[in-house]
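A short worksheet on the structure shown next.
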Amino acid sequence: MKTQGLGAWLPRRRLRNPDRVAVMFGENQHLTYAQLADGAERVSAVLAERGVGAGDRVAFLGENSPDFLLTMFGTVRLGAVFVPVNTRLAGPEIAHVLRDSGAVVLIHDPGFDARLDEAAAEGVTPTHVIRTGVSGRDGAPGLARAIETVTTIPASVSSDGDAPAAIVYTSGTTGRAKGAVLTHDNLTSVALNTIIDYDVMSTDVALMISPLFHVASLGMGALPILLKGGTLVLEKGFEAGRALDLIQRHRITMISGVPTTYQLMADHPAWADSDVTSLRTLTCGGSAVPERVLVAWEERGLSFSQGYGMTETSPGATSLSPDKTRLKQGSVGLPHFFTDIRITGEDGSVLPAGTTGEIEISGPNVFLGYHGLAEATATSRTADGWFRSGDLGYVDDDGYLYICGRSKDMIISGGENVYPAELETLISGIPGVTGAAVIGVPHERWGEVPIAIVTVADGAAVDTDAVRAHLEGRLARYKLPKRVEIVADLPRTASGKVIKDEVRARLGL
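Below, the structure is given as structure tokens:
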């Protein structure tokens, strides 16, 4: 599909809807499509003045803001590659991303000065470092001042669909983050999949409370809205009461988050009196939505679109429409419109419906490969080109996908397979449980047995007996957790997935 790349999006939208509001930010900053396109061109000029050209990498470290989008579109307009940096990373982790990506320019919010000093101590400083705002460090101009002084707008580069557009570092649950190279076609395809499967309209107003450095927020949140000509309401972070206020104030139609997002809103004191009638699309990923959260939103006339994916699939692979939330409860849905999935056995054979195996994915949204890691890229693909997810699941007779867990997370207890995701979904439905992770621990007789690590609301009466009683009769007895550990919090990736290696380390396992 010849599209001239992401850099052509804003100029084309400027021609069609110059005065339509593209972005709302803070209390009074509104950018029209004309202003967004003009701003991206001026950022591209700032970058070009510093020698950035096709193939160069430009990193951005900052919270959700118009600067994120201006930097991204300004970068791809030159044929350069955008590198969003996770704001939750420590200094040495930021150093890894900057070093591994080879970023020649870093644009960052002032609040990250200290962590960038830590990265510099690791010997990593891009050639050009630009602060957002008016003033940089040591008297240098900030991005806001720099874009005011440009004199020449560089020509836009037409990018092939298979050219890299972004390197997004995996928020993986194990190991050092790898850079997934996403092409212009990858990001265009995931935006189109989202528009089709979530019925995105030009009248939509989407509240962006998840960080844009996370590929789900970018690829399935911001990009589809901008491609369709809707409006983004950007928030630096999530606070349940403010989110409810913004939904009412801006008549938000779309919101995306993880189960905890929706749980916190439903538990907020303002929930009962909040007007959420403008909402029509709720999307959720990261983990299954607990039953009590489903009920709370259904009582307000709303159901969830749930889905499955990962950084390497830009990230959407499947989606479950709201009308199937109950009929196909526990499923993550059908493959996105331009995406295919299959289930394979250990020998690579395609398995029939109802049989658990590895989930493999194919489509124009599947990434180019891991930056600088040829061997890891090769092992991530099958001989016929399908991406190996490393996740276990099965499809039912109607083609709906069900996730059983990571293949490495599977617990083998007395020769029987125990899939943590199955237990986690049920445990999350217990009143008072706010988060759950199930891991396997060694057992002298059974080889491994499952244990549950949970977080609970204040005053909740949850212990091993309560959890086992809730699961009794719902699961085979060998699947029941042998003990339950109550913890203050569960370490999570940016996408909301529990980092189980860190859980084990905290518990000394």
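Here the numbering used here runs 72 ahead of the position in the sequence shown, where the first position is 1.
Just so you know, even glycine gets a beta-carbon here, dropped at the ideal spot from N, CA and C.
Here the structure is a predicted model, which means the values were calculated and not measured.
T527 beta carbon less than 9 Å from that of L562: For the purposes of this step, residue 562 is taken as the residue at position 490 of the sequence shown. For the purposes of this step, residue 527 is taken as the residue at position 455 of the sequence shown. Yes, Cβ-Cβ distance for L562 and T527 is below 9 Å.
I297, enclosing alpha helix (DSSP H) - first and last residue: Along the sequence shown, one-based indexing puts residue 297 at 225. 295 to 300 is the span of the alpha helix (DSSP H), which, as asked, contains I297.
Sequence-distant residues of its chain with Cβ nearer than 7 Å to W518 (five each side left out): To locate residue 518, count along the sequence shown from 1; it is residue 446. Excluding residues within five positions, the ones whose Cβ falls inside 7 Å are S485, G486.
Where T255 sits in the DSSP three-state scheme: Here the question's residue 255 lines up with position 183 in the sequence shown. T255 falls in the strand class under three-state DSSP.
Burial state of Q378 (16 or more Cβ within 10 Å): In the sequence shown, counting from the first residue as 1, residue 378 sits at position 306. The residue in question, Q378, is buried, as its Cβ has 16 or more Cβ neighbours within 10 Å.
Neighbourhood of L642 by C-beta distance below 7 Å, restricted to the same chain and skipping five residues each side: Nothing can be reported for residue 642, as the shown portion of the chain is limited to 73 through 581.
Element boundaries [beta strand (DSSP E), containing Y380]: Looking up residue 380 in the sequence shown gives position 308. 376 to 381 is the span of the beta strand (DSSP E), which, as asked, contains Y380.
The alpha helix (DSSP H) enclosing S116, as first and last residue numbers: Along the sequence shown, read from residue 1 onward, the residue named residue 116 stands at position 44. Element bounds for S116: 105 to 121.
Cβ neighbours of A389 in the same chain (closer than 7 Å, five flanking residues each side left out): What you label residue 389 is simply residue 317 of the sequence shown in a count that begins at 1. So the list reads Y380, G381, P407, H408, T411, I413, I433, once near-sequence residues are dropped.
Check whether E99 and K308 have beta carbons under 9 Å apart: Walking along the sequence shown from the start, residue 99 turns up at place 27. Walking along the sequence shown from the start, residue 308 turns up at place 236. Not in contact: E99 and K308 (Cβ atoms no closer than 9 Å).
Candidates G580, P296, L473, P226: closest to E121 by CA position: Position 49 of the sequence shown, counted from the first residue, corresponds to residue 121. When only C-alpha atoms are compared, the closest one is P226.
Outcome for P198 when other beta-carbon atoms lying within 10 angstroms are tallied against a minimum of 16: Residue mapping note: residue 198 aligns to position 126 of the sequence shown, counting from 1. Label assigned to P198: buried.
Uninterrupted alpha helix (DSSP H) stretches inside the stretch 201 to 227 (no shorter than 4 residues): 215 to 220
Residue range of the beta strand (DSSP E) that includes F459: Numbered from its first residue, the sequence shown carries residue 459 at position 387. 459 to 467 is the span of the beta strand (DSSP E), which, as asked, contains F459.
Start and end residues, alpha helix (DSSP H) containing A533: Taking the sequence shown and counting its residues from 1, the one referred to as residue 533 is at position 461. Where A533 is concerned, there is no enclosing alpha helix (DSSP H), given that its DSSP letter is neither H nor E.
Cβ neighbours of L142 in the same chain (closer than 6 Å, five flanking residues each side left out): For the purposes of this step, residue 142 is identified with residue 70 of the sequence shown, where counting begins at 1. Cβ neighbours of L142 beyond the five flanking positions: G111, A112, V115.
Cβ separation of A238 and L215, assumed to be a contact under 8 Å, to the nearest whole Å: For the purposes of this step, residue 238 is taken as the residue at position 166 of the sequence shown. For the purposes of this step, residue 215 is taken as the residue at position 143 of the sequence shown. Rounded, the Cβ-Cβ distance is 19 Å, inconsistent with contact.
Closest residue to A235 among F140, T383, L78 (Cα-Cα distance): Here residue 235 corresponds to residue number 163 of the sequence shown, with the count starting at 1. Out of F140, T383, L78, L78 has the C-alpha closest to the C-alpha of A235.
Interface flag, V130 vs chain B, CB-CB below 9 Å: Given the protein chain composition of this structure (a single chain), no chain B is represented.
Distance CB(D365)-CB(Q335) smaller than 9 Å: Along the sequence shown, read from residue 1 onward, the residue named residue 365 stands at position 293. Along the sequence shown, read from residue 1 onward, the residue named residue 335 stands at position 263. Reading off the sequence shown, one finds Val at residue 365, where the question assumed Asp. In this structure, Q335 lies closer than 9 Å to V365 by Cβ.
Unbroken beta strand (DSSP E) run spanning G512, endpoints: The residue you call residue 512 lines up with position 440 of the sequence shown. 505 to 515 is the extent of the beta strand (DSSP E) around G512.
Cβ pair count under 8 Å reaching 3, the stretch 468 to 481 against the stretch 435 to 445: Verdict: no, contact absent.
V367 in three-state terms, based on DSSP: Taking the sequence shown and counting its residues from 1, one reaches residue 367 at position 295. Residue state, collapsed to three classes: helix.
Nearest residue (CA-CA) to V157, options T266, G568, D339, D172: Locating residue 157 in the sequence shown gives position 85, where the first residue counts as 1. Per the Cα distances, D172.
For V575 and E557, the rounded distance between their alpha carbons: As a first step, residue 557 must be located in the sequence shown, where it is residue number 485. As a first step, residue 575 must be located in the sequence shown, where it is residue number 503. Rounded to the nearest angstrom, the two C-alpha atoms are 11 Å apart.
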